[in-house]
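Below is one structure, written out as structure tokens; comments come after it.
Number of protein chains: 2
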Amino acid sequence: MSENGTTRKRDAAATKEALLAAATELFTTRGFDRTSVRDIAALAEVNQALVFRYFGSKEALLGAVVTAPGRALLAETPPGRLLATLVRETLAQEPGGASGNLLLLALSGPQDGGAAEVLEREVAEPLRAALTARTARPDAELRAELVCAWLLGLALTRHLRTDGQLAKADPETASTLVLDVVTTLLGAESESPTATDR
Amino acid sequence: MSENGTTRKRDAAATKEALLAAATELFTTRGFDRTSVRDIAALAEVNQALVFRYFGSKEALLGAVVTAPGRALLAETPPGRLLATLVRETLAQEPGGASGNLLLLALSGPQDGGAAEVLEREVAEPLRAALTARTARPDAELRAELVCAWLLGLALTRHLRTDGQLAKADPETASTLVLDVVTTLLGAESESPTATDR
DNA sequence: TACCGTTGTAACCAAGTGCTTACAACACTG
DNA sequence: CAGTGTTGTAAGCACTTGGTTACAACGGTA
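One line per chain: the protein sequences are A and B, in this order.
Using our numbering, you'd call the opening residue of the first sequence number 1 and step up by one each time.
Using our numbering, you'd call the opening residue of the second sequence number 199 and step up by one each time.
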């Protein structure tokens, strides 16, 4: 029996999801190492042994947490709109919010087989491909990577500098500014640079 | 006596520095939580209790580690050259190297009073000031922050994507590309955009 | 009803953590 | 020489960690 004296309802799917939600919350706010399996289980109101039953290990739980949003984003966004969508969503995200935390979590995690790899495979790589395809320049790939780097920096800046200009500015204004420059960098093959990627 | 049977030479300054060097090495490669005080002491070939004698706590050691390079860079670079210097050094840093690790360490650390704050105060803030001063535009501050964000993204991309285009490309080519675009963004008040900030 | 696989629980383990403390070895000063 | 403050050492404390295990409660089936 749990601390309240009753035995929990038997619902594997529900407890698995509760665990996943709690882990996402704690990993993104405190980081991986500063979050214990017991913390996660407590927040999910679940016995800590169940983490190992359902996910195998703490590390695997992290994998599950970090894989989900990447796949979701890629699944629901057509490749042609990736750039504009990402720029707008990046600059519209709440400063200090969860998605920025998740990004940092992924980046500072283990390089191989970890969160960063998923992010690279599921988001960055398709994005670069889409950007590269837009231009005929010989150094298209480099330029695409420069743009991706900017996107990364923008996301982190918006997340970390909660009272900076980027956080205060109108998302649409900033997006336009960025997209203009990006268009220049990628080679303005379009006549209406502000409406690219549509 | 230490493990080899002898007593260590008495040199407070030297052991303190050895500790600092070892901590920098381990913190940047493994991260803060995955590095134990005993690990640091072992690498420095010093008794672990000395960490607490000289730095007070593990957290304070991190502070010392992270404060040093920021102050050094700002001290030896004239404000007018900050941008060009940073772009060039960022794009010339060895992929996967120490400075990128230090950056990630700072960003994922605690927000308040931690490494990120020092970095902001000692590097980012003066840089933004220098960039803002260059332009008469009303949204100069926003544009400066966009540039800083790019710099951050570039540093991280170069660090993390060790076999990406940015890592492979000629640093000077990439720098020129970036500086060109940045000059456009900040308003091309100069006649020779590639030689800005000199 | 009896059975059995699934789900949940508590107690536990071995290893490691940051940090403290009592003490020994040394280098100075008088 | 004795006395004193500094530097280094070993042992240990109190606690947390990820992970395991033996077992109880349950729900479906036959």
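In this text, a Cβ means the ideal position worked out from N, Cα and C, and glycines have one as well.
Test: residue i CB closer than 8 Å to a CB of chain A
{"i": "E389 of chain B", "result": "With a pLDDT of 37 at E389 of chain B, under the threshold of 50, the predicted position of this residue should be treated as unreliable, and no value is reported."}
{"i": "G351 of chain B", "result": "yes"}
{"i": "E370 of chain B", "result": "no"}
{"i": "Q291 of chain B", "result": "no"}
{"i": "E339 of chain B", "result": "yes"}
{"i": "R232 of chain B", "result": "yes"}
{"i": "Q246 of chain B", "result": "no"}
{"i": "L164 of chain B", "result": "Since the first residue shown for chain B is 199 and the last is 396, residue 164 of chain B is missing from the structure and cannot be characterised."}
{"i": "A347 of chain B", "result": "yes"}
{"i": "L284 of chain B", "result": "no"}
{"i": "G229 of chain B", "result": "yes"}
{"i": "S200 of chain B", "result": "Note on S200 of chain B: pLDDT 43, under 50, position unreliable in the model; the coordinate value appears next. Not an interface residue."}
{"i": "T183 of chain B", "result": "Any question about residue 183 of chain B goes unanswered here, given that chain B covers just 199 to 396."}
{"i": "L383 of chain B", "result": "yes"}
{"i": "A313 of chain B", "result": "no"}
Any chain B beta carbon closer than 8 Å to residue i
{"i": "A238 of chain A", "result": "Only positions 1 to 198 of chain A appear in the structure, and residue 238 of chain A is not among them; the question remains open."}
{"i": "V178 of chain A", "result": "yes"}
{"i": "V181 of chain A", "result": "yes"}
{"i": "G70 of chain A", "result": "no"}
{"i": "E89 of chain A", "result": "no"}
{"i": "A129 of chain A", "result": "no"}
{"i": "T200 of chain A", "result": "Because residue 200 of chain A is not part of the residues shown, which for chain A are 1 to 198, the question remains open."}
{"i": "L146 of chain A", "result": "yes"}
{"i": "L160 of chain A", "result": "yes"}
{"i": "L156 of chain A", "result": "yes"}
Neighbourhood of residue i by C-beta, 7 Å cutoff - its chain only, sequence neighbours within 5 removed
{"i": "T275 of chain B", "result": "T283"}
{"i": "D39 of chain A", "result": "L26"}
{"i": "G268 of chain B", "result": "V316, L317, E320, V321"}
{"i": "T360 of chain B", "result": "P293, G294"}
{"i": "S306 of chain B", "result": "none"}
{"i": "A116 of chain A", "result": "A106, L107, G109"}
Cutoff 6 Å; reference residue i; Cβ partners in own chain excluding five residues on either side
{"i": "L154 of chain A", "result": "T90"}
{"i": "S99 of chain A", "result": "Q93"}
{"i": "T333 of chain B", "result": "L384, G385"}
{"i": "A242 of chain B", "result": "A216, L217, A220"}
{"i": "A372 of chain B", "result": "L289"}
{"i": "N101 of chain A", "result": "T28"}
{"i": "A342 of chain B", "result": "R326, L329, T330"}
{"i": "R88 of chain A", "result": "S175"}
{"i": "F52 of chain A", "result": "none"}
{"i": "A212 of chain B", "result": "none"}
{"i": "V37 of chain A", "result": "Q48, V51, K58"}
Cβ shell of residue i (< 8 Å), same chain only, five flanking positions each side left out
{"i": "V345 of chain B", "result": "L281, L329, V380, L383, L384"}
{"i": "D170 of chain A", "result": "none"}
{"i": "P126 of chain A", "result": "L74, P79, L82"}
{"i": "T233 of chain B", "result": "A221, L224, F225"}
Distance cut-off 7 Å: residue i Cβ against heavy atoms of the ligand FMN
{"i": "A338 of chain B", "result": "As presented, the structure is devoid of all ligands, the ligand FMN included, so that no description of it is given."}
* Asked: Relative to chain B, which residues along the segment 96-113 of chain A have a C-beta separation below 7 Å, given in chain order?
  -> Those would be L104, L107, S108, in chain order.
* **Within 9 Å of chain A by C-beta, residues of the segment 205-223 of chain B in sequence order** => Of all residues in the segment 205-223 of chain B, none places a beta-carbon less than 9 Å from a beta-carbon of chain A.
* Asked: Taking a cut of 9 Å between CB atoms, which residues from the segment 58-82 of chain A lie near chain B?
  -> Within the segment 58-82 of chain A, no residue has its Cβ closer than 9 Å to any Cβ of chain B.
* Asked: In the segment 238-289 of chain B, which residue ranges form an unbroken alpha helix (DSSP H) of at least 4 residues, counting only runs that do not cross its ends?
  -> As far as the segment 238-289 of chain B is concerned, its whole alpha helix (DSSP H) runs of at least 4 residues are 247-253, 256-274.
* Taking only runs that begin and end inside the segment 207-239 of chain B, name each unbroken alpha helix (DSSP H) of 4 or more residues, in chain order. => For the segment 207-239 of chain B, the full-length alpha helix (DSSP H) segments reaching 4 residues or more read 210-228 along the chain.
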